[in-house]
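Under our numbering, residues 9 to 460 are what the sequence shown spells out, in order. Using N, Cα and C, we set each Cβ at its ideal position, and we do this for glycine too. All values derive from a computational prediction rather than experimental measurement.
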Amino acid sequence: PGRPGMECPAQPAPSPQTESDFLCAEDCDGQGAQKSLRDAEMIVFVGMDIGPFEQARSMDFQGTLVTSATLLALGFAAVVSLFWAQSHRVSKRLLRDTRAFASEVVGTMPAGLAVVDPEGMLAMVNASFEALLGRKSADVVGRPAAQVLPPGLLELGTGPEAVLSGEASGHKESEGEFDFGGDGPVPLGVSVTRIVAEDGGLVGTLYLVRDLREVRALQEEVRRREKLAAMGNLAAGVAHEIRNPLSSIRGYASYFGSKFAPDSEDRKAAQVMVREVDRLNRVISELIDYSRPSELARRPVSLGEAVEHCLRLIRPDAEASSVRVATHGLDAAPTALLDPDRFSQALLNVLLNAVQAMPSGGTLSVTVGVSDDGRGFVETADEGVGIDPADMGKIFNPYYTTKATGTGLGLAVALKLVEAHGGEMRAAPRPGGGTVIAMYLPLARDNDEEKP
9 PGRPGMECPA QPAPSPQTES DFLCAEDCDG QGAQKSLRDA EMIVFVGMDI GPFEQARSMD
69 FQGTLVTSAT LLALGFAAVV SLFWAQSHRV SKRLLRDTRA FASEVVGTMP AGLAVVDPEG
129 MLAMVNASFE ALLGRKSADV VGRPAAQVLP PGLLELGTGP EAVLSGEASG HKESEGEFDF
189 GGDGPVPLGV SVTRIVAEDG GLVGTLYLVR DLREVRALQE EVRRREKLAA MGNLAAGVAH
249 EIRNPLSSIR GYASYFGSKF APDSEDRKAA QVMVREVDRL NRVISELIDY SRPSELARRP
309 VSLGEAVEHC LRLIRPDAEA SSVRVATHGL DAAPTALLDP DRFSQALLNV LLNAVQAMPS
369 GGTLSVTVGV SDDGRGFVET ADEGVGIDPA DMGKIFNPYY TTKATGTGLG LAVALKLVEA
429 HGGEMRAAPR PGGGTVIAMY LPLARDNDEE KP
């Protein structure tokens, strides 16, 4: 509004008001015009406090920062989790593969393996140890080891001698015979290892065992061959020196016997001398055969024909002892590569030994065929008194015999001849009494001809 007594110049209407307009309205003195307040345009200024708005905007900015930081942290955590998950899957796969590999190695290893935990319970056994126990792992794992392992074996890992040099863990090697409750004690090589954790606590005891039966058999075979070689060298040097004087003794005994009456005691004594000299000559002949190098002229020969030939030769001895001969598989007998004369000598020794084992009669079974490993075999089984299983490994030794008569060289010579053919001989007790002897020989091939 203007001052009293003044009139403001006419204003164009309507137009926006500016600051100069207001000044003019207040300072127009002498105009004499007044304007009613009702006609004047009124401008209302409204003031607002923007503090809460600024505060809200600041809080929104802070919230945005927090949300962004949270999302960033979550994203980082997601990436790390993804990496960890991938690493876990890889580690799990590697662990699974490692376990499978270790299980396969332990399961197929030829040595027996058993683990006993610190509480003395059997924690694990592999297939080779199962074979020694004669029981499945499911039947023994989790049971007290003292009830499963043979006496003496568990003590190797629990006794005072198991701890080496005063340490909590150690390794011990030992050999011994352990009874698993089967056919008798089993020779084993035992390796015992006590396993400890990083903190020194005992994790378990590992038993690694090796079956030494084959090793012992090979060692016995080496000793036997060495003994046979020494015996052969002795026989070669002595036999010829003895045979010549024996020939002279026999000749003089026959001569003196002819000088006495047929029924006189002197003539009978001379005849006894002749028979004994002949027996000594047979022993010397066997010694010479035993010591002689086995020079063979091998050719394809039917095992059936060779067996029939030898059975015809022993028929008088078998009939004299009331021994019946039963044959099996002669018609389908395989062909082997052998020297007929030397093989016949070996087979005759085996057959005569079987007949002599049955002085009161019985049945001699002879079987010919092909073994599971592709070799020809001739098996004889008598019904004699048999041989003690503890002495079964000695029957091929020179001079070993269970008969009242005989030199004990027959089977030794037979073994030597069969081995010269690249074969093998085995002996075993016959169920029900008697002895089974098997001769294994290489079969002839289509292109085999006579060869030394």
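Among the options, the one whose alpha carbon lies nearest that of residue i
i: Leu162; options: Gly190, Val123, Glu249 and Ala146; result: Val123
i: Pro439; options: Val393, Ala362 and Thr343; result: Val393
i: Leu355; options: Asp105, Glu138, Gly418 and Glu127; result: Gly418
i: Val363; options: Gly382, Gly209, Val444 and Arg453; result: Val444
i: Ala131; options: Leu121, Leu140 and Ala139; result: Leu121
i: Gly208; options: Ala81, Val315 and Pro126; result: Pro126
i: Ser379; options: Ile395, Arg350, Ala344 and Asp349; result: Ala344
i: Phe385; options: Ala277, Pro406, Arg143 and Leu346; result: Leu346
i: Gly142; options: Ser89, Ala446, Asp191 and Ala86; result: Asp191
i: Glu427; options: Glu229, Val88 and Pro60; result: Glu229
i: Ala420; options: Val291, Arg453 and Ser95; result: Val291
i: Val223; options: Gly245, Glu183, Arg258 and Asp187; result: Glu183
i: Pro118; options: Arg218, Gly55, Ala277 and Ile395; result: Arg218
i: Pro348; options: His336, Asp399, His429 and Val333; result: His429
i: Thr116; options: Val133, Leu103, Arg101 and Leu102; result: Val133
i: Asn357; options: Asp325, Gly337, Ala334 and Thr335; result: Asp325
Status (buried if at least 16 other CB within 10 Å, exposed otherwise) for residue i
i: Gly442; result: buried
i: Asp274; result: exposed
i: Met366; result: buried
i: Asn361; result: buried
i: Lys424; result: buried
i: Phe84; result: exposed
i: Phe404; result: buried
i: Gly240; result: buried
i: Pro406; result: buried
i: Ser136; result: buried
i: Arg350; result: buried
i: Ala205; result: exposed
i: His96; result: exposed
i: Met433; result: buried
i: Leu242; result: exposed
i: Ile7; result: With the chain represented from 9 up to 460, any question about residue 7 goes unanswered, as that position is not in the structure.
i: Ala139; result: exposed
i: Gly189; result: exposed
DSSP state of residue i mapped onto helix, strand, coil
i: Gly382; result: coil
i: Leu161; result: coil
i: Ala446; result: strand
i: Phe109; result: helix
i: Ile395; result: coil
i: Glu183; result: strand
i: Ala269; result: coil
i: Val149; result: coil
i: Asp286; result: helix
i: Val2; result: As shown, the chain starts at 9 and ends at 460. That puts residue 2 outside it, with no answer to give.
i: Glu432; result: strand
i: Glu387; result: strand
i: Leu140; result: helix
i: Ile58; result: coil
i: Met129; result: strand
i: Val198; result: strand
i: Asp349; result: helix
i: Leu220; result: coil
i: Thr409; result: coil
i: Arg453; result: coil
i: Gly120; result: strand
Nonlocal neighbours in the same chain, by C-beta distance under 7 Å from residue i, ignoring five residues either side
i: Tyr408; result: Lys402 and Gly416
i: Arg383; result: Tyr448, Leu449, Pro450 and Leu451
i: Ala21; result: Note on Ala21: pLDDT 49, under 50, position unreliable in the model; the coordinate value appears next. Closer than 7 Å at the Cβ level, and outside the excluded window around Ala21, lies no residue.
i: Asp147; result: none
i: Ser352; result: Ala314, His317 and Cys318
i: Gly128; result: Pro152, Ala153 and Ala154
Own chain, CB closer than 6 Å to residue i, minus 5 neighbours either side, in chain order
i: Thr213; result: Val124, Gly165 and Arg202
i: Ala341; result: Ser310, Leu311, Gly312 and Val376
i: His179; result: Thr201
Same chain, Cβ closer than 8 Å to residue i, five either side skipped, listed in chain order
i: Asp339; result: Gly312
i: Leu359; result: Cys318, Leu319, Ile322, Leu372, Val374 and Thr388
i: Gly160; result: Gly184 and Phe186
i: Val246; result: Leu295
Any chance the segment 197-207 sits against the segment 94-112, with 3 or more Cβ pairs inside 8 Å? no
Under 8 Å: do the segment 289-297 and the segment 245-253 share three or more Cβ pairs, one atom per stretch? yes
Check whether the segment 261-280 touches the segment 388-396, counting contact only when three or more Cβ pairs, one atom from each stretch, lie closer than 8 Å. no
Does the contact criterion of 3 or more C-beta pairs under 8 Å hold for the segment 188-198 versus the segment 225-243? no
Could you tell me whether the segment 304-319 touches the segment 283-291, using the rule of 3 or more Cβ pairs below 8 Å? no
Give a yes or no on contact between the segment 319-338 and the segment 370-387, applying the rule of three or more CB pairs nearer than 8 Å. yes
Counting Cβ pairs, one atom from each stretch, are 3 or more of them under 8 Å apart for the segment 266-283 and the segment 315-324? no
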